[in-house]
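Enquirer: Dumping the structure here so I can ask a few things about it.
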Amino acid sequence: MQNHIFIANREILSQLIHLCENITPLQYCEALNLLSQNTIGKHMRHIIEFYDILIEAYEENKPISYDDRVHCIETETSLVLASQRLSKALNWVENAQTDKKLMLIVSYDSEGKNSISIPSSLERELVYNIEHAIHHMAIIRIAIEKEFPDIELHKNFGIAYSTIRYRDDLCAH
């Protein structure tokens with residue numbers, strides 16, 4: 010039986026790749042009032058960077074710090090680069106092993122100086138990436154439905170798995 014954490018990550022990454030294939034470069038980069046002048050590309054970049062951080066920490070056997078991000082402007086503006094990075098993450102998720110221990114570094118003070126280390130695992134960090142991605146995908150979905158209604162999203166794009174189950178249970182009765 011396949012691990013559902015990996016399946017969910019594959020579904021999310023596939024939905025994001027599908028979006029890259031169905032949105033125009035102008036739509037991807039347009040500053041939207043609904044997003045406080047942010048773009049869909051900025052939300053996509055943010056999701057991608059979290060996956061990149063996890064992949065790098067896993068492959069290089071180093072601590073994970075989601076606070077230390079590059080903020081690649083090119084990913085915000087290039088559908089091709091965003092799609093390539095998402096495809097790389099998808100390929101990685103399809104081949105990653107589940108038994109690796111990781112260390113998460115976090116800081117919740119305003120200066121970011123007092124960090125703490127928390128033992129974690131690949132599966133736990135993939136769960137975090139699921140929740141983080143869905144949160145941003147929900148924002149993207151709202152923007153697309155309002156600003157670009159011609160773009161067709163997957164029916165579960167940006168919807169939490171618990172909500173999907175609840176919705177499906179209601180429809181079954």
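In short: position in the sequence shown from 1, add 9, done, that's the working numbering. Ideal Cβ positions, reconstructed from N, Cα and C, are used throughout, including at glycine.
#1: Going by C-alpha distance, which of Cys-81, Glu-85, Tyr-60, Glu-83 is nearest Ile-73?
#2: With respect to 8 Å, is the separation between the Cβ of Arg-174 and the closest non-hydrogen atom of the ligand COA below this value?
#3: Given that a residue counts as buried once 16 or more other Cβ atoms are within 10 Å of its Cβ, and exposed if not, what is Met-10?
#4: Let me check understanding here. Comparing Cα to Cα, which of Val-136, Gly-50, Ile-64 lies closest to Ile-26?
#5: By alpha-carbon positions, which one of Ile-149, Leu-113, Gly-167 ends up nearest to Glu-65?
#6: My assumption, with CB atoms under 8 Å, is that Leu-88 sits in contact with Tyr-170. Please give the rounded CB distance.
#7: Rounded to a whole number of angstroms, what is the C-alpha to C-alpha distance between Ala-17 and Arg-54?
#8: Which same chain residues end up closer than 8 Å to His-80 when comparing Cβ atoms and leaving out the 5 residues on each side of it in sequence?
Expert: Let me spell this out:
#1: Tyr-60
#2: Of the ligands one can find in the structure shown there are none, so the ligand COA has no counterpart to examine.
#3: Per-residue confidence for Met-10 stands at a pLDDT of 38, beneath the threshold of 50, marking its modelled position as unreliable; no derived number is given.
#4: Gly-50
#5: Ranking the options by Cα distance to Glu-65, first place goes to Leu-113.
#6: No, Leu-88 and Tyr-170 are not in contact; Cβ-Cβ is about 27 Å, not under 8 Å.
#7: 19 Å
#8: Arg-54, Glu-58
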